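Read through the structure below, which is laid out as C-alpha cells, and then see the notes.
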Amino acid sequence: MEQPFVTQTVIEGVSTISFYNPSHNALPSVLLSKLEAEINTASTNPSVSVVVLQSGGERTFCAGASFNELIAIETEAEGKFFFSGFAKVINAMRKCPKFIICKVQGKAVGGGVGIAAAADYCLATKYASIKLSELSIGIGPFVIEPAVSRKIGVIAMSEMTINATQFYDANWAKQKGLYADVFDNQEALNVAAETLVQQLKTYNPAAVKAMKMVMWENTGHWDTLLLERAKISGTLVLSNFTKSVLSKYKTT
Numbered sequence: 026m027e028q029p030f031v032t033q034t035v036i037e038g039v040s041t042i043s044f045y046n047p048s049h050n051a052l053p054s055v056l057l058s059k060l061e062a063e064i065n066t067a068s069t070n071p072s073v074s075v076v077v078l079q080s081g082g083e084r085t086f087c088a089g090a091s092f093n094e095l096i097a098i099e100t101e102a103e104g105k106f107f108f109s110g111f112a113k114v115i116n117a118m119r120k121c122p123k124f125i126i127c128k129v130q131g132k133a134v135g136g137g138v139g140i141a142a143a144a145d146y147c148l149a150t151k152y153a154s155i156k157l158s159e160l161s162i163g164i165g166p167f168v169i170e171p172a173v174s175r176k177i178g179v180i181a182m183s184e185m186t187i188n189a190t191q192f193y194d195a196n197w198a199k200q201k202g203l204y205a206d207v208f209d210n211q212e213a214l215n216v217a218a219e220t221l222v223q224q225l226k227t228y229n230p231a232a233v234k235a236m237k238m239v240m241w242e243n244t245g246h247w248d249t250l251l252l253e254r255a256k257i258s259g260t261l262v263l264s265n266f267t268k269s270v271l272s273k274y275k276t277t
C-alpha cells in the first residue's frame with residue numbers, strides 16, 4: 026500500500042516540496058504539520074532561492090481536509106487544532122521570504138484551493154478544476170477565505186462558496202487569477218515550471234524578500250485571523266448536520 030509523505034529536496038537553489046496521500050491527496054493534521062515544517066525549513070535555508078510546491082499523483086492536486094479525521098473530531102479544541110493545520114500552512118507560505126511556485130496537476134477542493142491561492146505563482150493543467158465544497162458538508166471555507174479572496178476576489182470566492190457542489194474548470198480559475206497559465210498535460214506544466222524557477226533563482230534574494238512583503242502587504246493580522254477562523258470551522262464540524270454528511274464519506 027502506498028504511504029503518505031511530505032518530502033523536500035534542494036537542488037541548485039531550488040527547493041521542491043512534495044506531498045502525497047493515497048486518499049486523493051486529502052490532508053490529515055500530521056501531513057499538514059509536516060508541510061508547514063518543510064515550508065519553514067525552506068524559508069530559513071540560505072541555500073534555497075525559490076520553492077516549488079507540488080503533490081504526487083496525476084489528476085488530484087489536493088482534496089482538502091481528511092474526512093476520516095474530520096468525523097473523528099469530538100471537541101471544539103480538536104476541531105480548532107485540525108483546521109489550524111491549514112491556517113499554519115497558509116501563513117508559512119505567506120511569510121516565506123522566497124517565491125513559492127505551485128504546480129497544480131489536477132483537481133483542487135477546499136483546502137487545496139487555499140494552498141494554491143497562497144502560492145505566489147500558480148501553474149496548472151487543464152485538469153485542475155477547483156471547488157469550494159465546505160458549505161455542502163455543513164461548514165464553510167473560513168480558514169482559506171482570506172487567501173482565496175486575495176487571489177480571485179470576493180465575488181468569485183462567494184460564487185464558488187455558494188455553488189458548493191460545482192467544479193469550476195481550470196480556464197475559469199485562470200481568468201479569475203488563481204492560475205497564471207494552464208497547460209494541456211503535466212509534462213508541459215513541468216517544463217514551464219522548470220523554466221520559470223531557473224529564472225527566479227537568479228534574482229536578488231533581498232529584492233525577492235522585499236517584493237514578497239509588498240505583495241503580502243496588510244496581511245500581518247492573518248496569524249490571528251486564520252486561527253480565529255479555524256475555531257469557527259472547528260465548532261461547526263461538531264454539528265449533527267456535518268457529522269451526518271461526513272459519515273457518508275467515511276472510509277476504512
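Here our numbering is used: position 60 in the sequence shown is 85, and no number is missing along the way. C-beta: ideal position from N, C-alpha, C; glycine also. In this text, all values refer to a predicted model and were calculated from it rather than measured experimentally.
- CA-to-CA, the gap between residue 112 and residue 252 works out to about 6 Å.
- Between residue 123 and residue 62 the beta-carbon gap is near 16 Å, outside 8 Å, which marks them as no contact.
- Using a Cβ distance threshold of 7 Å, residue 121 and residue 64 count as a contacting pair.
- Here DSSP, grouped into helix, strand and coil, assigns residue 234 to helix.
- Secondary structure of residue 73 (DSSP, three-state): coil.
- Assigned with DSSP and collapsed to three states, residue 264 falls in coil, not helix or strand.
- Within the stretch 159-209, the runs of beta strand (DSSP E) at least 3 residues long that lie entirely inside it are, in chain order, 206-208.
- Residue 149 sits buried, since 16 or more C-beta atoms from the chains shown fall within 10 Å of its C-beta.
- For residue 189, the closest of 98, 237 and 134 by C-alpha to C-alpha distance is 134.
- If you ignore the 5 residues before and after residue 28, its C-beta comes within less than 6 Å of no other C-beta in its own chain.
- The three-state reading of DSSP puts residue 151 in coil, since its state is none of H, G, I, E or B.
- Annotation for residue 220: the continuous alpha helix (DSSP H) segment containing it runs 211-225.
- The three-state secondary structure of residue 88, taken from DSSP, is coil.
- The continuous alpha helix (DSSP H) containing residue 109 extends over residues 101-120.
- With contact defined as three or more Cβ pairs closer than 8 Å, the stretch 80-94 and the stretch 134-144 are in contact.
- DSSP places residue 133 within a strand segment (E or B) once states are collapsed to three.
- For the 7 Å CB-CB criterion, residue 168 and residue 182 do not form a contact.
- The alpha carbon of residue 39 has as its nearest neighbour, out of 171, 48, 102 and 127, the alpha carbon of 127.
- Relative to residue 73, the option among 180, 191, 94 and 234 whose CA is nearest is 234.
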